[in-house]
Amino acid sequence: MTRSLTSIQHPVPLMKSLVPLTFLVALICIPPAVQAQPYGSASRTVSVSVSTITNVAVTGNVSLTIGLANVTAGVDLMGPVTSTATSLLWGINSSLKKISVRGVVAVPPQKYILKVLAVSPTTGTAAPEVTVSTTDTDFMTNVGRSSGTCTLQYSGYALASKGTGSDSYTITFTIATQ
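Here you go:
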């Protein structure tokens, strides 16, 4: 059996009307998340690393003057004169540490006595008043994983037998392993 090409009918008008309808149904059925996909994206891994931090700072300057008001007649020891005008600040993020203090006189030999005390530390344990010398002396202990402050109380003493003059100190505070 043979057919002629003219006997086949093409449903062209129906196909043309179904295409827009099919497209509309497809758009409605696609989830909004798929419709809003970006055309490009990139990802990165970001690492934050923290190294060991031991930071110490001193605020302000101190000048102590021993005068007539700080002297008792007949006593060689004059003073003390004190100042609480400065502070010590620190930041430590590791194990327990200590803070030591030492001083160097600009023009040796040292004639007068300088002492320092940590007043009201926010963390750690303050040592009793420390006489400043050229060797490191424990000033605060049990300081660790904290930031803190304390007021520095400097006290100056002199012996009448040492006469007049001045000592200029360079004071160094150091954080070290306890």
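11 is the number of the first residue of the sequence shown in the working numbering; add one for each residue after it. Backbone N, C-alpha and C define an ideal beta-carbon position, used for all residues, glycine too.
query, result
"Determine the closest residue to TYR179 out of CYS160, VAL126, GLY154, with distance taken between C-alpha atoms.", "VAL126"
"Can you tell which of LEU74, GLN163, SER130, THR94 has its C-alpha closest to the C-alpha of SER176?", "LEU74"
"Return the first residue and the last residue of the beta strand (DSSP E) that PRO131 is part of.", "Premise fails: PRO131 is in no beta strand (DSSP E) and is neither H nor E."
"Cα-Cα, which of THR151, GLY70, LYS121 is closest to THR135?", "THR151"
"At the level of alpha carbons, what is the spacing between ASP86 and THR64?", "42 Å"
"Identify the residues that DSSP records as bridge partners of ARG112: which are they?", "THR182"
"Can you name, in chain order, every residue of its own chain whose Cβ lies under 7 Å from the Cβ of THR161, other than the five neighbours on each side?", "THR94, SER97, VAL129, SER130"
"Are the CB atoms of SER110 and ASP146 nearer to each other than 8 Å?", "yes"
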